[in-house]
């Protein structure tokens with residue numbers, strides 16, 4: 001299967017690929033060819049890999065690996081996968097979100113160490129600079145699934161530190177190739193903010209963002225901020241807009257500055273707009289809403305810490 005990946009924090013995310021994103025993606029691919037495992041068989045899918053992943057011993061040297069879609073155990077032979085009698089039909093941990101056939105599980109890296117280590121090894125074949133493989137105990141993993149009669153099928157995930165002094169709400173994020181172009185990367189970004197708001201915090205992804213990561217997040221931030229500004233006029237402070245949207249003040253400023261909506265007034269940066277200006281920007285069609293929006297009414301979450 002032809003792979004198609006964007007990056008956030010050197011990781012794939014936003015599915016709304018424009019010409020600029022595609023060009024960055026191709027340029028990035030030229031410089032990241034080193035790999036050993038060329039293909040991953042996962043459920044009903046065969047996925048071509050992108051990067052090297054430190055699978056141990058002979059697994060890391062095999063041209064193909066066969067991975068159980070339920071427990072993420074990796075094997076060398078298709079017969080091993082067929083004989084693998086996995087009793088699981090969903091990720092470990094607790095289900096914290098369900099709407100229709102979309103479900104999210106929260107998995108503690110300390111409680112489900114092997115699953116999370118296997119997840120990191122699998123994700124690494126699609127991520128270039130990921131360094132978290134085995135020390136997973138200080139992270140929480142949020143597993144996005146599609147649910148059918150067979151179970152909750154792994155779609156993608158994001159991770160975040162249990163305790164972040166910088167209030168980072170996302171460390172790594174990945175959507176598997178078969179589920180690209182469906183809006184799931186955007187869903188994961190939005191979900192990370194929904195969790196931050198449930199915690200009563202203003203969150204932000206780990207920095208620095210890659211070029212592709214900036215595009216993915218800037219798309220989400222721009223859409224959210226422009227809709228928050230719709231119908232307003234005059235000047236609005238950055239802290240007020242941050243509080244209204246849950247986006248960190250620096251991210252608010254950088255996004256609106258890129259849209260030429262800021263000015264320096266009385267010693268601080270403020271948003272200076274008219275309703276027509278916001279309507280005209282939204283009318284361009286460049287700032288699209290999510291294909292799969294997060295419905296916070298379906299979030300069943302309390303802090304595990």
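Residue numbers (UniProt numbering): 1 to 305.
All C-beta atoms in this analysis are idealised placements derived from N, C-alpha and C, irrespective of residue type, glycine included.
Everything numeric in this text was worked out from a predicted model, so none of it was measured.
Sub-8 Å separation of residue i and residue j beta-carbons
| i | j | result |
| --- | --- | --- |
| residue 191 | residue 115 | no |
| residue 127 | residue 174 | yes |
| residue 144 | residue 106 | no |
| residue 203 | residue 169 | yes |
| residue 259 | residue 241 | no |
| residue 136 | residue 53 | no |
| residue 37 | residue 65 | yes |
| residue 306 | residue 298 | Within the shown structure, residues of the chain are numbered from 1 to 305, placing residue 306 beyond reach of any answer. |
| residue 245 | residue 228 | yes |
Nearest-angstrom Cα separation, counted from residue j out to residue i
| i | j | result |
| --- | --- | --- |
| residue 239 | residue 113 | 39 Å |
| residue 44 | residue 90 | 16 Å |
| residue 270 | residue 285 | 25 Å |
| residue 206 | residue 171 | 6 Å |
| residue 28 | residue 51 | In this predicted model, residue 28 has a pLDDT of only 49, less than 50, meaning its place in the structure is not dependable; the value taken from the coordinates is given anyway. The straight-line gap from Cα to Cα measures roughly 11 Å. |
| residue 261 | residue 111 | 46 Å |
| residue 185 | residue 222 | 16 Å |
| residue 289 | residue 181 | 14 Å |
| residue 149 | residue 177 | 22 Å |
| residue 117 | residue 94 | 18 Å |
| residue 7 | residue 209 | At residue 7, the pLDDT of 34 sits below 50, so the modelled position is not reliable and the matter cannot be decided from this model. |
| residue 234 | residue 277 | 11 Å |
| residue 268 | residue 63 | 57 Å |
| residue 78 | residue 250 | 49 Å |
| residue 5 | residue 275 | Confidence at residue 5 is low in this model, with a pLDDT of 34, below 50, so the placement of that residue should be treated as unreliable; the coordinate-derived value is given next. Roughly 36 Å between the two C-alpha positions. |
| residue 134 | residue 247 | 31 Å |
| residue 32 | residue 161 | Here the model assigns residue 32 a pLDDT of 48, short of 50, so the residue's position is not dependable, and the following value carries that caveat. C-alpha separation (whole angstroms): 27 Å. |
| residue 196 | residue 167 | 9 Å |
| residue 47 | residue 295 | 30 Å |
| residue 266 | residue 236 | 13 Å |
| residue 232 | residue 287 | 18 Å |
| residue 165 | residue 57 | 36 Å |
| residue 153 | residue 42 | 10 Å |
| residue 157 | residue 96 | 14 Å |
| residue 282 | residue 214 | 20 Å |
| residue 279 | residue 92 | 45 Å |
| residue 263 | residue 257 | 8 Å |
Closer than 7 Å: residue i CB and nearest the ligand MN heavy atom
| i | result |
| --- | --- |
| residue 125 | Absence of the ligand MN from the depicted structure is noted, as is the absence of any ligand whatsoever, leaving it without description. |
Closest Cα partner of residue i within the set the options
| i | options | result |
| --- | --- | --- |
| residue 146 | 140, 139, 155, 224 | 155 |
| residue 194 | 36, 303, 122, 272 | 303 |
| residue 159 | 183, 150, 166, 189 | 189 |
| residue 199 | 102, 300, 291 | 300 |
| residue 151 | 177, 109, 87 | 87 |
| residue 109 | 102, 65, 163, 99 | 163 |
| residue 68 | 84, 272, 59, 250 | 84 |
| residue 75 | 230, 103, 40 | 40 |
| residue 102 | 183, 282, 279 | 183 |
| residue 60 | 82, 122, 179 | 122 |
| residue 252 | 219, 38, 79 | 219 |
| residue 273 | 291, 230, 64 | 230 |
| residue 55 | 104, 96, 97, 120 | 120 |
| residue 293 | 153, 187, 263, 179 | 187 |
| residue 201 | 243, 97, 214 | 243 |
| residue 291 | 280, 97, 263, 179 | 179 |
One or two residues paired with residue i in a DSSP bridge
| i | result |
| --- | --- |
| residue 168 | 204 |
| residue 278 | Paired residue(s): none; residue 278 is not in a bridge. |
| residue 271 | 236, 262 |
| residue 148 | 151 |
| residue 298 | Note: residue 298 sits in no beta bridge, so no partner. |
| residue 247 | 203 |
| residue 67 | 42, 74 |
| residue 175 | 156 |
| residue 310 | Here the chain has residues from 1 to 305 only, and residue 310 is not among them. |
| residue 57 | In DSSP, residue 57 forms no bridge with anything. |
| residue 48 | 39 |
* Runs of beta strand (DSSP E) wholly within the segment 88-126 (minimum 3 residues, chain order) -> 94-99, 102-108
* Go through the segment 197-238 residue by residue and report every complete run of the beta strand (DSSP E) that reaches 3 residues or more, in order. => 234-237
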